[in-house]
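Residue numbers (this note's numbering): 1 to 1035.
Below, the structure written as structure tokens:
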């Protein structure tokens, strides 16, 4: 297989050489022995861009690399004059390269090195030169100080706020914000033009609630310049807080704003024109004023807008056409419409073209005496002029060459001679740019050489198509002929077909075609030959294959497979069951002419394929086995996990695969359903076994796919319905050779952790994806939708992230992470989009503004009750606000403190205690009224009754037990003592103004004399009106 790949490689070389013979524009074959022995003029392989803008904070590197034999030397010109690199201590040139490096670590101004540079690569056979590289240092000038007057404007009128940013290199990105760094909301009515100005189609009073500041962001220096803010004063008929029009469907009529016909604020004048270069993007813009705000529609006169390359931007005010061609020229018009009317503006688009190649000159290799030509065809608008140079100098001033003739865009070479090797430059230029191409003419005289291995042996099966390869090289181009067994006749025609690349095709190999074939390459300088021995082999055939069978369960089955093959080839016979390798054991045995299966069961049912193969061909035969009564009662036998597989063997060793064979262990009365192959590598994770693959239980051999640069060791685990066996003993180790990576890291993403950075992270390659020593990752990034070159850094293979610093705020980036090792680089990595960090906006008043990562929803927490909030949502990659939502949180419900005096249980308890105290007081009062003694605050000067035994203690007994009149009591008018019918009546007490209770609760005061009408009242009415009597009766 290795030899076949080698031969195919040289077939490609010979095809390239044959192409050279036809058009004389090839490169020397890549065979190292030829590359080292042949002379070759210089070829530029790498150079900086024509317009090269550098960051003033970094060192300057101007790239120029070339190849050639001998190795080229390099020199530079600056502004058309020789640039002496050795005289400037800050400037150096890389070894084996022409790249200039200007180091400012010890001082110096980058501006001093601005200018036009050109690199020249020379060796003994010519001079190649680079493009003219115009080096400029990025600039971010300050905004000029200016005092801006208050902008007074009537509500409903149009308004343009001019930005006029300072001229930067490259031009800055413009965006509008308030002085508090809040982005200005833009919509159909208010938007920023491509020139940076802010346009108001009509002004509303709400526009005066903020100020407007133009900001310029300079990408190279990562700086933002801010212009002094504009302040608006809107003259209106209605104050903003009037509520009569807030829910009105037409805010303009509600506010008394006069409707106005659309008119264009940009472009100015009608019609206008715009020029664009072929291949660039075209941006047409129409911004209109009017009341209500007009809508914009785009059309192309006489046709449709370009399909697939057209995009509307800036609320349909801008038409973006990508990759413009000449067919896109013509008249475009925009329509601005509202309910008042429609306005139209026509823009004439003129497509010009910088030079572009139709036929770029190619390197030309000629032999002495041969003819050839260089062609340089370019087009453009206007049509470019063609200038030829040789070795960097105008061809008119070069030394005369009689074999060379210049005719416009073509140089003809006739009967070219040795010593005419040179590098020719073609310069195609017009007013919009230029193209420069280097193409060398190399005059070689090389004797023929055969590039294939010598004395090959080719084996082929009878009647098959055969190719005998003989790649060759020489200058002049050799002629090649084939001979058989040393005979003099050239093989061509009939069963033979000789190809121009040196290959001899035998259409149908026969026994008589066997023999030795000789290829001979001849030119004027000599000849070379090589031999190929061809052997014709008999095909491999199965003459008696297996037949379909229907055996009974438990019986023995024999499947026949008799073959014939070429006796000089090694025959291998193998069996497949259901298209997978069949496990052979004590029950299933392979015989010389067939396969024997003892005690067949339901698991033996299926398709059996016999495969007879040699190194050149194979033959197959197939049969189906159906088992009668497939039920098998094995439940009565104890089941267990299978025994471990044993005797692991590695065969069929190759670069990326190996065959692993094992002997299964006993299934322990439960059929083996699966085999798990595990591997362990000792370079990155020694001792850790990992899953490699899984195979059916009927397999005992498998071809394992391997990764490069891994020192493998394998083991096998058997699985049945009970469980898994113990792992087998490890196999011997097998080390694969290294190769360049085939995979790149996954999970690549970019996100900012601060406002001026972006962290690029990824999932590193696994141990089986490294493929070679010294793994590294090339991290590349650049801002999206820009034409800037990729920035890149190389990090070690054990690193999973890289932080890019000094990034602009929340800017989209294109990101790639590519793997590389000592064998080469992985394929080009996919591009993902990441974003640099966001900025936390400042606070305004007592409201805090927060920023969130972009997603379809956001949850706001820790809000203050009863507070007004404004939510503004940004679009990714746009510094403007796409939506604005205002809301107010509900007033908070304040739960009062849990006062014990308000608790139900406490109130009930207090009421019960109060009632109990009242009852006790009443009972005590009744007791006193029935015989108790009341203290008297003052002793009257009335003689006491001798019977009174308590006068000394200041109390008296008012009991009516003996019905005695009270001494000292007042006598009635008739001279009698009034009878005390209701001594204890509260009514009676209440009539006296002097009655009071003493500190101990006793009653003191005089008894009042009842009126005459009270004397007439009965005792019943008196008692009925007395609450004390009622309680007394109860007592």
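Every residue gets a Cβ at the ideal spot worked out from N, C-alpha and C, and that includes glycine. It should be emphasised that the depicted structure is a prediction, and the values quoted were computed from it without experimental measurement.
Distance cut-off 8 angstroms: residue i Cβ against heavy atoms of the ligand FAD
{"i": "residue 175", "result": "Ligands are entirely absent from the displayed structure, and the ligand FAD is therefore not among its contents."}
Pair within 9 angstroms by beta-carbon distance, residue i and residue j
{"i": "residue 808", "j": "residue 216", "result": "no"}
{"i": "residue 720", "j": "residue 668", "result": "yes"}
{"i": "residue 518", "j": "residue 501", "result": "no"}
{"i": "residue 234", "j": "residue 299", "result": "no"}
{"i": "residue 767", "j": "residue 685", "result": "yes"}
{"i": "residue 837", "j": "residue 774", "result": "no"}
{"i": "residue 523", "j": "residue 475", "result": "yes"}
{"i": "residue 288", "j": "residue 315", "result": "no"}
{"i": "residue 222", "j": "residue 352", "result": "no"}
{"i": "residue 159", "j": "residue 203", "result": "yes"}
{"i": "residue 125", "j": "residue 422", "result": "yes"}
{"i": "residue 332", "j": "residue 311", "result": "no"}
{"i": "residue 718", "j": "residue 672", "result": "yes"}
{"i": "residue 363", "j": "residue 295", "result": "no"}
{"i": "residue 863", "j": "residue 889", "result": "yes"}
{"i": "residue 46", "j": "residue 63", "result": "yes"}
{"i": "residue 497", "j": "residue 504", "result": "yes"}
{"i": "residue 436", "j": "residue 354", "result": "no"}
{"i": "residue 787", "j": "residue 814", "result": "no"}
{"i": "residue 537", "j": "residue 516", "result": "no"}
Delimiting residues of the beta strand (DSSP E) encompassing residue i
{"i": "residue 413", "result": "410-413"}
{"i": "residue 336", "result": "330-337"}
{"i": "residue 63", "result": "Taken as a continuous stretch (DSSP letters only), residue 63 belongs to no beta strand (DSSP E), as it is neither H nor E."}
{"i": "residue 438", "result": "433-443"}
{"i": "residue 694", "result": "690-696"}
{"i": "residue 535", "result": "526-537"}
{"i": "residue 403", "result": "Segment: none, residue 403 is in no beta strand (DSSP E) and carries neither H nor E."}
{"i": "residue 788", "result": "Where residue 788 is concerned, there is no enclosing beta strand (DSSP E), given that its DSSP letter is neither H nor E."}
Endpoints, alpha helix (DSSP H) assigned at residue i
{"i": "residue 32", "result": "32-37"}
{"i": "residue 924", "result": "904-929"}
{"i": "residue 253", "result": "251-254"}
Beta-bridge pairing of residue i - partner residues as DSSP gives them
{"i": "residue 869", "result": "887"}
{"i": "residue 211", "result": "231"}
{"i": "residue 577", "result": "580, 608"}
{"i": "residue 1085", "result": "The structure shown does not extend to residue 1085, since the chain spans only 1 to 1035, so no value can be given for it."}
{"i": "residue 93", "result": "100"}
{"i": "residue 289", "result": "263"}
{"i": "residue 275", "result": "350"}
{"i": "residue 300", "result": "303, 332"}
{"i": "residue 1050", "result": "Since the first residue of the chain shown is 1 and the last is 1035, residue 1050 is not available in this structure."}
{"i": "residue 620", "result": "611"}
Selected residue, minimal CA-CA separation from residue i, among the options
{"i": "residue 137", "options": "116, 409, 147, 156", "result": "116"}
{"i": "residue 745", "options": "796, 327, 310, 722", "result": "796"}
{"i": "residue 552", "options": "604, 578, 505, 515", "result": "604"}
{"i": "residue 323", "options": "526, 307, 690", "result": "307"}
{"i": "residue 375", "options": "368, 210, 466, 386", "result": "386"}
{"i": "residue 238", "options": "228, 261, 225, 206", "result": "206"}
{"i": "residue 557", "options": "542, 570, 590", "result": "590"}
{"i": "residue 378", "options": "372, 371, 370, 388", "result": "388"}
{"i": "residue 550", "options": "369, 515, 600, 638", "result": "600"}
{"i": "residue 541", "options": "596, 592, 867, 611", "result": "611"}
{"i": "residue 279", "options": "347, 381, 395", "result": "381"}
{"i": "residue 169", "options": "147, 149, 111, 226", "result": "111"}
Within 8 angstroms, do at least three Cβ pairs link the region 51-61 to the region 447-467? The region 447-467 vs the region 51-61: no contact.
Answer yes if the region 158-170 comes into contact with the region 79-87, meaning at least three C-beta pairs across the two stretches below 8 angstroms, and no otherwise. Counting Cβ pairs under 8 angstroms, fewer than three are found: no touch.
Flag this pair as touching only if the region 773-780 and the region 722-736 have three or more C-beta atom pairs under 8 angstroms; answer yes or no. Result no; under three Cβ-Cβ pairs closer than 8 angstroms.
Pair every Cβ in the region 702-717 with every Cβ in the region 650-659, then say whether three or more of these pairs are closer than 8 angstroms. They touch, by the three-pair rule.
Assess contact between the region 392-408 and the region 343-359, defined as three or more Cβ pairs (one per stretch) separated by less than 8 angstroms. Is contact present? Cβ pair count under 8 angstroms is below three, so no.
Kindly confirm or deny that the region 127-144 and the region 184-197 touch, where touching means at least three C-beta pairs closer than 8 angstroms. Using a C-beta cut-off of 8 angstroms, the region 127-144 makes no contact with the region 184-197, since fewer than three inter-stretch Cβ pairs fall below that distance.
Could you say if the region 87-98 and the region 68-76 meet the contact criterion of at least three C-beta pairs nearer than 8 angstroms? Cβ pair count under 8 angstroms is three or more, so yes.
Is the region 40-58 in contact with the region 467-482, if contact means three or more CB pairs nearer than 8 angstroms? The region 40-58 vs the region 467-482: no contact.
Below 8 angstroms, how does it come out for the region 824-839 and the region 251-271: are there three or more Cβ pairs, yes or no? Short answer: they don't touch.
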